[in-house]
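In the working numbering, the protein residues as written are 3 to 339.
Dropping the structure here:
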């Protein structure tokens with residue numbers, strides 16, 4: 003099993019080691035941009051307590067107050083790795099901390115992947131500068147790939163740096179904040195090299211269950227849970243709808259038709275997906291539901307509930323310690339170590 007955990011090293015030593023690896027393995031421009039962005043996050047965050055004192059917005063102030071107890075709950079009850087993450091706050095007016103590019107061939111439901119030191123291959127590439135993300139997206143499109151670019155509200159260094167709470171993490175309310183904190187803590191606790199989909203689905207699964215468990219300890223938690231249950235019902239309908247059309251696309255791509263015919267037929271399938279989803283979300287704007295292979299893979303990557311992980315949870319008798327034991331066993335069976 004490949005597990006990445008925070009090392010007990012001074013920050014500058016960790017920084018030097020990571021930068022050294024990157025210099026060996028990555029193009030210079032990407033390295034410099036990422037290093038600059040990471041150092042900005044690290045050294046321009048302020049302590050949570052100080053942020054609470056300075057913050058004028060009552061909603062944000064209350065969410066920041068919740069962070070230490072969420073961390074403590076996740077460490078104690080969910081058996082997640084204890085780190086110095088989320089002890090600081092980074093303010094930004096941007097819609098996201100990083101801008102993430104994903105891609106896929108037009109005639110396959112397969113992700114384009116990038117290789118990085120430490121974490122191996124992943125199906126996305128993030129940038130702190132949106133212009134850089136747009137440049138890569140344009141390059142991939144010119145090479146004939148489908149692409150999807152989105153703003154991510156948080157950035158995980160998987161335990162190598164002290165990751166902060168960010169302003170975008172607070173935009174969608176308390177439930178989203180709790181879910182996001184637990185999600186990123188899962189990545190620090192266990193990250194399997196070259197298994198991007200598994201890593202994300204594991205983090206989604208633990209965060210969804212863990213957030214509900216945490217909210218049940220709060221006096222106003224039931225109301226938040228009730229609202230989130232409705233959201234999950236909608237996401238489940240979205241997932242079930244996508245499964246129907248993903249199967250249609252897989253059948254189309256597995257045939258021996260010309261690329262021209264494939265593109266024509268898949269355009270009709272994408273149109274049908276949009277029509278079906280607007281029935282689930284009637285008040286949504288259609289431009290938000292434009293599809294290609296890259297976006298469909300991204301949605302599947304963060305699916306509502308992985309059948310595999312649900313099965314492992316049931317085998318664990320709803321016990322988190324047992325769950326992690328079963329997860330480790332599964333990873334060994336897959337020979338991912």
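Positions of the beta carbon are idealized from the N, C-alpha and C atoms, including for glycine.
CB contact flag (residue i, residue j, <8 Å)
| i | j | result |
| --- | --- | --- |
| residue 261 | residue 255 | no |
| residue 47 | residue 90 | yes |
| residue 144 | residue 296 | no |
| residue 164 | residue 77 | no |
For residue i, the nearest candidate out of the options (CA to CA)
| i | options | result |
| --- | --- | --- |
| residue 73 | 181, 327, 311 | 181 |
| residue 2 | 294, 310, 274, 223 | Since the first residue shown for the chain is 3 and the last is 339, residue 2 is missing from the structure and cannot be characterised. |
| residue 244 | 114, 220, 134, 298 | 298 |
| residue 300 | 39, 90, 102 | 102 |
| residue 423 | 281, 249, 319, 54 | Residue 423 lies beyond the stretch modelled for the chain, which goes from 3 to 339, so this question has no answer here. |
| residue 281 | 271, 309, 240, 321 | 240 |
| residue 178 | 189, 212, 106 | 212 |
| residue 237 | 147, 206, 322 | 206 |
| residue 84 | 152, 118, 187, 272 | 187 |
| residue 118 | 109, 333, 196 | 196 |
| residue 322 | 204, 274, 226 | 204 |
| residue 320 | 58, 80, 283 | 80 |
| residue 172 | 228, 242, 61 | 61 |
Coarse secondary structure for residue i, derived from DSSP in three states
| i | result |
| --- | --- |
| residue 129 | strand |
| residue 116 | strand |
| residue 173 | coil |
| residue 162 | coil |
| residue 309 | helix |
| residue 97 | coil |
| residue 72 | helix |
| residue 85 | coil |
| residue 3 | Because residue 3 carries a pLDDT of 34, less than 50, the predicted location of this residue cannot be relied on, and the following value inherits that uncertainty. Of the three classes helix, strand and coil, the one that applies to residue 3 here is coil, per DSSP. |
| residue 156 | coil |
| residue 200 | helix |
| residue 106 | strand |
Nearest-angstrom Cβ-Cβ length linking residue i and residue j, presumed shorter than 8 Å
| i | j | result |
| --- | --- | --- |
| residue 69 | residue 170 | The pair is not a contact, with the Cβ atoms about 15 Å apart (cut-off 8 Å). |
| residue 198 | residue 124 | 5 Å |
| residue 168 | residue 216 | At roughly 20 Å, the Cβ-Cβ gap does not stay under 8 Å, so residue 168 and residue 216 are not in contact. |
| residue 149 | residue 104 | 7 Å |
| residue 35 | residue 129 | 6 Å |
| residue 185 | residue 154 | Incorrect: roughly 11 Å between the Cβ atoms, too far for contact. |
| residue 82 | residue 191 | 5 Å |
| residue 183 | residue 88 | 6 Å |
Residue-chain proximity (residue i, chain D), Cβ-Cβ < 8 Å
| i | result |
| --- | --- |
| residue 41 | Considering every chain present, this structure includes no chain D. It has just one protein chain. |
Margin query: Quick check for students: name the residue ranges of the alpha helix (DSSP H) that lie wholly in the segment 203-287, counting only runs of 4 or more.
Written below: 223-255, 261-282
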